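Structure first, commentary second.
2 protein chains.
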Amino acid sequence: MAFQSELEVFRKFLKNQGMRYTPEREAIIKEIFSIHDHFDVDGLYISMRRKGLRVSKASIYRLIPLLIEANLIAEVFFDKGQTYYEHIYGHEHHCHLRCKECNKIEEFSDPRLKDLEKELSERFGYKILTHKLQVIGICSKCQAKEDSA
Amino acid sequence: MAFQSELEVFRKFLKNQGMRYTPEREAIIKEIFSIHDHFDVDGLYISMRRKGLRVSKASIYRLIPLLIEANLIAEVFFDKGQTYYEHIYGHEHHCHLRCKECNKIEEFSDPRLKDLEKELSERFGYKILTHKLQVIGICSKCQAKEDSA
DNA sequence: AAAGAAATTGTAACTCAGTATCAATAAGCC
DNA sequence: GGCTTATTGATACTGAGTTACAATTTCTTT
Ligand SMILES: [Zn+2]
Ligand SMILES: [Zn+2]
Ligand SMILES: [Zn+2]
Ligand SMILES: [Zn+2]
Chain H
47 MAFQSELEVF RKFLKNQGMR YTPEREAIIK EIFSIHDHFD VDGLYISMRR KGLRVSKASI
107 YRLIPLLIEA NLIAEVFFDK GQTYYEHIYG HEHHCHLRCK ECNKIEEFSD PRLKDLEKEL
167 SERFGYKILT HKLQVIGICS KCQAKEDSA
Chain W
47 MAFQSELEVF RKFLKNQGMR YTPEREAIIK EIFSIHDHFD VDGLYISMRR KGLRVSKASI
107 YRLIPLLIEA NLIAEVFFDK GQTYYEHIYG HEHHCHLRCK ECNKIEEFSD PRLKDLEKEL
167 SERFGYKILT HKLQVIGICS KCQAKEDSA
């Protein structure tokens with residue numbers, strides 16, 4: 047099957063669920079898929095307002111679980127009261143290495159995690175859906191800062 | 047060096063920081079280290095009240111970051127507005143396999159994660175502190191429920 | 001052991017992400 | 001177009017976690 051845009055995928059998802067496609071949902075999704083980075087609700091709302099796109103925060107909060115359900119985005123991590131998301135549709139699954147000091151993030155993927163998933167599935171009888179690996183460390187810049195301090 | 051109790055470790059930590067050892071802190075720590083499972087602030091508070099141990103929630107909230115700083119406990123995961131913690135002092139590092147439906151948790155550890163940490167450290171120049179791997183799936187009981195539904 | 005400086009406590013007020021309510025509006029189907 | 005029903009935005013609410021502050025307690029110094 048040909049590659050479908052996020053919007054196409056989502057329209058089909060909505061139809062399947064007897065839900066409606068609205069201009070507000072379209073605006074939010076377009077905004078989300080124009081950001082090629084991790085994002086949070088507040089940042090999204092602010093950048094939409096700046097562009098004169100007026101949707102309520104409630105609509106954003108209401109849309110996010112649908113986009114997750116439709117496998118278009120996923121929660122990445124929760125930090126200091128903020129939940130961050132990222133695109134997953136059309137992206138390779140990857141994990142995150144985060145600097146504890148400056149929150150800089152590196153992405154990586156590793157085939158061993160798939161093997162591990164398989165072994166866990168056999169060992170515990172779970173059907174594995176996904177995994178989230180967060181590696182926490184200190185980036186080279188922050189290490190330098192610490193040494194000189 | 048001989049094994050030190052959590053209390054001993056924490057008393058030393060407090061002294062180092064110019065902080066004080068109080069009966070409230072002692073009561074909370076004793077309660078935390080009597081629970082051999084993942085715990086959250088609310089559950090801790092309720093079980094202390096049941097035993098007639100009267101400390102305020104604010105004191106619990108104030109103590110937890112100190113216990114984390116002292117490497118006695120760590121945040122495990124955040125789910126539905128609740129933050130869960132577990133002991134780490136004197137425990138092997140492990141990861142979690144969680145059922146998306148019933149939240150049942152299995153613990154496991156895998157030496158490949160240490161290798162991965164080392165490789166990431168070299169590749170990105172980070173000093174690695176720790177990792178948190180959460181595998182999400184459906185446990186066998188919940189699979190059975192889904193099939194019969 | 002008493003005094004004094006400084007940290008800690010509990011209470012209550014507050015913050016802020018996320019949710020629920022509801023009347024007005026709009027999408028989708030005939 | 002007209003009808004049914006989902007969605008919207010405004011607003012009120014919830015609940016975890018934080019903060020301010022006066023009263024209390026720890027710990028050090030003598
Ligand atoms: Zn850094
Ligand atoms: Zn990412
Ligand atoms: Zn289950
Ligand atoms: Zn655990």
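Residue numbers (my numbering), protein chains in the order written: chain H, 47 to 195; chain W, 47 to 195.
C-beta: ideal position from N, C-alpha, C; glycine also.
Note that the structure is a prediction, hence the values are computed from the model and not measured.
1. Return helix, strand or coil for V181 (chain H), following the three-state DSSP convention.
2. If you draw a straight line from the C-alpha of A139 (chain H) to the C-alpha of S155 (chain H), how long is it?
3. Does C148 (chain H) come within less than 8 angstroms of chain W when only Cβ atoms are used?
4. Select from the segment 178-193 of chain H all residues with a C-beta closer than 8 angstroms to any C-beta belonging to chain W, and list them in chain order.
5. My guess is that Q180 (chain W) and H137 (chain W) are in contact by the Cβ rule of under 8 angstroms, so how many angstroms apart are they, rounded?
6. Distance cutoff 8 angstroms, beta carbons only. Does R108 (chain W) sit that close to anything in chain H?
7. Given L112 (chain H), which residues of its chain have a CB within under 6 angstroms of its CB, disregarding the five upstream and five downstream residues?
8. Under a CB-based cut-off of 8 angstroms, is Y131 (chain H) close to chain W?
9. Assign F49 (chain H) to buried or exposed, taking buried as 16 or more other Cβ atoms, counted over all protein chains shown, within 10 Å of its Cβ.
10. Please confirm whether any heavy atom of ligand 4 lies closer than 7 angstroms to the CB of H137 (chain H).
11. Going by other Cβ atoms of all chains shown within 10 Å of its Cβ, with 16 needed for buried, is M65 (chain W) buried or exposed?
12. At a threshold of 7 angstroms, does K187 (chain H) count as lining ligand 1 (C-beta to nearest heavy atom)?
13. Counting only Cβ pairs nearer than 7 angstroms, list the residues of chain H close to I75 (chain W).
14. Under 8 angstroms by Cβ, that's how I've got I182 (chain H) and R158 (chain H) pegged, so tell me the actual separation to the nearest angstrom.
15. Check whether the Cβ of K150 (chain W) sits closer than 7 angstroms to any heavy atom of ligand 3, and report yes or no.
16. Start and end of the beta strand (DSSP E) containing E163 (chain W)?
17. T176 (chain H) touches chain W at which residues, Cβ-Cβ below 7 angstroms?
18. Taking just the CA atoms, how far does K103 (chain W) sit from R71 (chain H)?
19. Where does H177 (chain H) land, buried or exposed, given buried means 16+ other C-beta within 10 angstroms?
20. State the Cα-Cα distance for the pair S186 (chain H) and I114 (chain H), rounded to the nearest angstrom.
21. With a 10 Å radius around its C-beta and 16 neighbouring C-beta atoms as the bar for buried, classify M47 (chain H) as buried or exposed.
22. Have a look at R96 (chain H) and I78 (chain H) and give me their C-alpha separation to the nearest angstrom.
23. Does the beta carbon of V221 (chain W) fall short of 7 angstroms from some heavy atom of ligand 4?
24. Can you find a C-beta in chain H that's less than 8 angstroms from the C-beta of E115 (chain W)?
25. Let me know the secondary structure DSSP gives L143 (chain H) once reduced to three states.
26. With 16 other CB atoms within 10 Å as the buried threshold, where does Y107 (chain H) fall?
27. Quick check on the burial criterion: 16 or more other C-beta atoms within 10 angstroms. Buried or exposed for L162 (chain H)?
28. Leaving aside the five residues before and after V87 (chain W) along the sequence, list all residues of the same chain whose C-beta is less than 6 angstroms from its C-beta, in chain order.
29. Just the Cα atoms here: how many angstroms apart are L60 (chain W) and D193 (chain H)?
30. What's the call for I175 (chain W), buried or exposed, on a 16-neighbour Cβ count within 10 Å?
31. Give me, in chain order, the residues of the same chain whose beta-carbon lies closer than 7 angstroms to that of L1 (chain H); leave out the 5 immediate sequence neighbours on both sides.
Working from what's here:
1. strand
2. The residue you asked about is not Ala; residue 139 (chain H) is His in the sequence shown. Whole-angstrom Cα-Cα distance: 7 angstroms.
3. no
4. K178, L179, Q180, V181, I182, G183, I184, C185, S186, Q189
5. Contact doesn't hold; Cβ gap of about 17 angstroms is too wide.
6. no
7. none
8. no
9. exposed
10. no
11. exposed
12. yes
13. Per Cβ cutoff of 7 angstroms: no residues; I75 (chain W) is ~24 angstroms from chain H at best.
14. The pair is not a contact, with the Cβ atoms about 19 angstroms apart (cut-off 8 angstroms).
15. At least one heavy atom of ligand 3 lies closer than 7 angstroms to the C-beta of K150 (chain W).
16. That residue, E163 (chain W), is in no beta strand (DSSP E); its alpha helix (DSSP H) goes 158-170.
17. I182
18. 41 angstroms
19. buried
20. 34 angstroms
21. exposed
22. 14 angstroms
23. Given a span of 47 to 195 for chain W in the structure shown, any question on residue 221 (chain W) remains unanswerable.
24. Using a Cβ-Cβ cut-off of 8 angstroms, E115 (chain W) does not count as an interface residue toward chain H, since no Cβ of chain H sits closer than that to its own.
25. strand
26. exposed
27. buried
28. I106
29. Whole-angstrom Cα-Cα distance: 24 angstroms.
30. As written in the sequence, residue 175 (chain W) is Leu, which differs from the Ile given in the question. L175 (chain W) is exposed by the Cβ-count criterion.
31. There is simply no residue 1 (chain H) to check, as chain H begins at 47 and stops at 195 in what is shown.
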